[in-house]
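Since the structure comes first, as structure tokens, the remarks are kept for the end.
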Amino acid sequence: SQKIEQNSEALNIQEGKTATLTCNYTNYSPAYLQWYRQDPGRGPVFLLLIRENEKEKRKERLKVTFDTTLKQSLFHITASQPADSATYLCAGDNFNKFYFGSGTKLNVKP
Amino acid sequence: DAGVIQSPRHEVTEMGQEVTLRCKPISGHDYLFWYRQTMMRGLELLIYFNNNVPIDDSGMPEDRFSAKMPNASFSTLKIQPSEPRDSAVYFCASSSGQNSNQPQHFGDGTRLSIL
């Protein structure tokens, strides 16, 4: 079955470093990948979308890549801040609906 | 602008009771989605509507679950009868246009506990 997989272990990094989160997809080929941020007790908030024919997309300190050969997307936060601490979800489309990964929790320590 | 509004925020009820969750999407959005989030299974799509019409309900776990969208500004998700394994956070989301390339806007969810 179609799957979106993210590293379930929390990522702990020091403030100022670059955080890199990984999203892998299996058994299908999404045309779009979306990344969301989720804070405790809140709904996911959309961050970035990338199309399969785009290699890379940037928005302020955020960068996302889409590698159709590796079946993988990487999500980078440069110059990370404690306020970036949250769970980040990856979602791949499948005919107007999305499969979500289970999310990776990012902890940025001051 | 107001975002997606869900009610109630929390619901605690006993097994066997009927539960109704409510959602008001963002005005002008023509897609509406119901998701369920648990630690074990993550965020799962239950059903989605386009222009108030259910398009895909393949994620609805069983007949105890039903969803309606009587108009463009309101949707309900009903569980009858409820069971403890239905305990989860239920999210509603809406989006506009050709969905795959549009962001989904989520409400803050209903945390449901079935005792």
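Chains G and P, in that order, give the protein sequences. Oh and the first sequence: position 24 is 24 in the numbering used here, straight run, nothing missing. If you want the numbering used here, it's the 1-based position in the second sequence plus 110. C-beta: ideal position from N, C-alpha, C; glycine also. The structure presented is a predicted model; accordingly, all values stated were derived computationally and were not measured.
Nearest CB-CB separation between residue 129/P and chain G: not below the 9 Å threshold. Excluding five sequence positions before and after residue 121/P, the CB atoms of its chain that fall closer than 8 Å to its own CB belong to 129, 131, 220, 221, 222 and 223, given in chain order. Contact of residue 34/G with chain P by beta-carbon distance below 8 Å involves 213 and 214. Within 7 Å of the CB of residue 44/G, the CB atoms of chain P belong to 216, in sequence order along the chain. DSSP, reduced to helix, strand and coil, places residue 37/G within a strand of the structure shown.
Counting only the Cα atoms, residue 225/P lies some 34 Å from residue 35/G. Here DSSP, grouped into helix, strand and coil, assigns residue 67/G to strand. In this structure, DSSP gives residue 19/G an extended state, which the three-state scheme calls strand. Considering only 181/P, 175/P, 192/P and 125/P, the residue with the shortest C-alpha distance to residue 137/P is 181/P. Per DSSP, the unbroken beta strand (DSSP E) holding residue 75/G starts and ends at 72-77.
With its beta carbon less than 9 Å from one in chain G, residue 152/P belongs to the interface. Within its own chain, the residues whose Cβ lies closer than 8 Å to the Cβ of residue 194/P, once the five positions on either side in sequence are excluded, are 125, 224 and 225, listed in chain order. Sequence-distant partners of residue 51/G (beyond 5 residues in either direction) whose C-beta falls short of 6 Å from its own C-beta, in its chain, are 32.
Annotated three-state conformation of residue 42/G is coil, per DSSP.
Excluding the 5 residues flanking it on each side, residue 117/P has same chain C-beta neighbours closer than 6 Å at 132, in chain order.
The Cβ of residue 219/P sits closer than 9 Å to at least one Cβ of chain G. DSSP lists 34/G and 100/G as the beta-bridge partner residues of residue 91/G. Within the same chain, Cβ atoms closer than 6 Å to the Cβ of residue 25/G are found at 4, 71 and 92, the five residues on either side in sequence being excluded.
Taking each of 27/G, 65/G and 77/G in turn and checking the Cα distance to residue 94/G, the smallest one comes out for 27/G.
For the options 99/G, 78/G and 100/G, the alpha carbon positioned closest to that of residue 106/G is the one of 78/G.
In the DSSP annotation of this structure, the continuous segment of the beta strand (DSSP E) that includes residue 179/P starts and ends at 175-181. Just so you know, the alpha carbons of residue 2/G and residue 102/G end up roughly 14 Å apart.
Assignment of residue 24/G by DSSP, reduced to helix, strand and coil, places it in the strand class.
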